[in-house]
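Step one of this worksheet: look at the structure below.
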Amino acid sequence: MTLTLTHYLLASTVLFGVGIYGAFSRRNAIGLLLAIELIMLAVALNFTAASNFLGTAGGQVFAVFVITVAAAEAAVGLALIIAIYRNQKDVDLDKLTLLKW
Amino acid sequence: MMTTVSFYLLSALAVVSALFLVTTRNLLHAVLALAVASLAVAGVMLTLNAEFLALVLILVYVGAVVVLGVFAVMLTGHFKKPTLPSSNELKIIAVVVSLALVTLLGGVILGQPAVTGLKEVSLDTVGKLLLTDYVLPFELVSIVLLAALVGSIVIARGKED
Chain V
1 MTLTLTHYLL
11 ASTVLFGVGI
21 YGAFSRRNAI
31 GLLLAIELIM
41 LAVALNFTAA
51 SNFLGTAGGQ
61 VFAVFVITVA
71 AAEAAVGLAL
81 IIAIYRNQKD
91 VDLDKLTLLK
101 W
Chain X
1001 MMTTVSFYLL
1011 SALAVVSALF
1021 LVTTRNLLHA
1031 VLALAVASLA
1041 VAGVMLTLNA
1051 EFLALVLILV
1061 YVGAVVVLGV
1071 FAVMLTGHFK
1081 KPTLPSSNEL
1091 KIIAVVVSLA
1101 LVTLLGGVIL
1111 GQPAVTGLKE
1121 VSLDTVGKLL
1131 LTDYVLPFEL
1141 VSIVLLAALV
1151 GSIVIARGKE
1161 D
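Chains as they are written, first to last, in the numbering used here: chain V, 1 to 101; chain X, 1001 to 1161.
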């Protein structure tokens, strides 16, 4: 029973699905951001697995890019959450209706 | 054999901590679950012989993203009142959508021919590709990082004067 690319792709698909569930159902903005980080994690794993099974280094390069973008997104997102909290005293996504009319 | 066992254990750990992340009421626990999930995924990358990426993942996710998350939870005071339900009224729809997505993607993946045997991808090649073929995206990513750095400082600092 050797490991194939399919094993890795299925594992990252399950992680991706869990992240999608979190991004849909989280009530708190920080929880939403964490779920999006989980999705990025699954994508990075997917790129790496494809790269190392197919023998092309391009996948690893893109995994580095994905990790970088995930870090940038986390920094901006959490800064936004702190700014929103300072103005609204709450980061409950159901109550953030300032842009709705 | 050793690799197979560690792959199954680590991916099970990653999925379990991911499920804990999206369901727990305490956000501080959710951030720590992200640290566990990142470490587990880094371990899975080690079974792929991708040591560099595993180390980068630990450095960026556990070292930076998790610390940022802990700060955000602390600054917004959400570790004190984990009484609210963690999910909104979209919960059932979210379960259905994500299950459908996983089933669809899993079906497509299982339909593909199996690729066996890890190839050797050296860090040497990755580094050379970063500075030759992918030099433009590489520079773009560094600009994105700079913009994110400046932007998050400006946004989080707020008005003082």
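Yeah, the Cβ is synthetic: ideal placement off N, Cα and C, and Gly gets one too.
Measure from the alpha carbon of X/V1044 to the alpha carbon of each residue in X/T1004, X/S1122 and X/L1146, then state which is nearest.
X/T1004
Specify the secondary structure class of X/T1023 as computed by DSSP and reduced to three states.
helix
For V/A74 and X/L1032, I'd like the C-alpha separation in whole angstroms.
15 Å
Hey, how far is the Cα of X/K1159 from the Cα of X/S1098?
40 Å
Determine the chain X residues that contact V/V61 at a beta-carbon separation under 7 Å, and present them in chain order.
V1126, L1129, L1130 and Y1134
Could you give the distance in angstroms between the alpha-carbon of V/L93 and the alpha-carbon of V/L33?
12 Å
Compare the C-beta of V/I36 against all C-beta atoms of chain X and say whether one is closer than 7 Å.
no
Mind the definition here: the segment 1005 to 1024 of chain X touches the segment 80 to 92 of chain V only if three or more C-beta pairs lie below 8 Å; say whether that holds.
no
Is it the case that the Cβ atoms of V/F65 and X/V1141 are separated by a distance below 7 Å?
yes
Would you check if the segment 1114 to 1122 of chain X and the segment 1019 to 1030 of chain X touch, i.e. whether three or more CB-CB distances between them fall below 8 Å?
no
Go ahead and label X/M1074 buried or exposed: buried means 16 or more other beta carbons lie within 10 angstroms of its beta carbon, across all protein chains shown.
exposed
If the cut is a Cβ gap below 8 Å, which residues of chain V does X/S1098 touch?
G17, V18, I20, Y21 and F24
For X/F1052, which residues in the same chain have their Cβ closer than 8 Å to its Cβ, ignoring the five residues on either side in sequence?
L1123 and V1126
Compute the beta-carbon to beta-carbon distance between V/N46 and V/L9, rounded to the nearest angstrom, for a pair I have assumed lies under 8 Å.
6 Å
Nearest residue (CA-CA) to X/A1037, options X/A1018, X/S1152, X/T1076 and X/Y1008:
X/A1018
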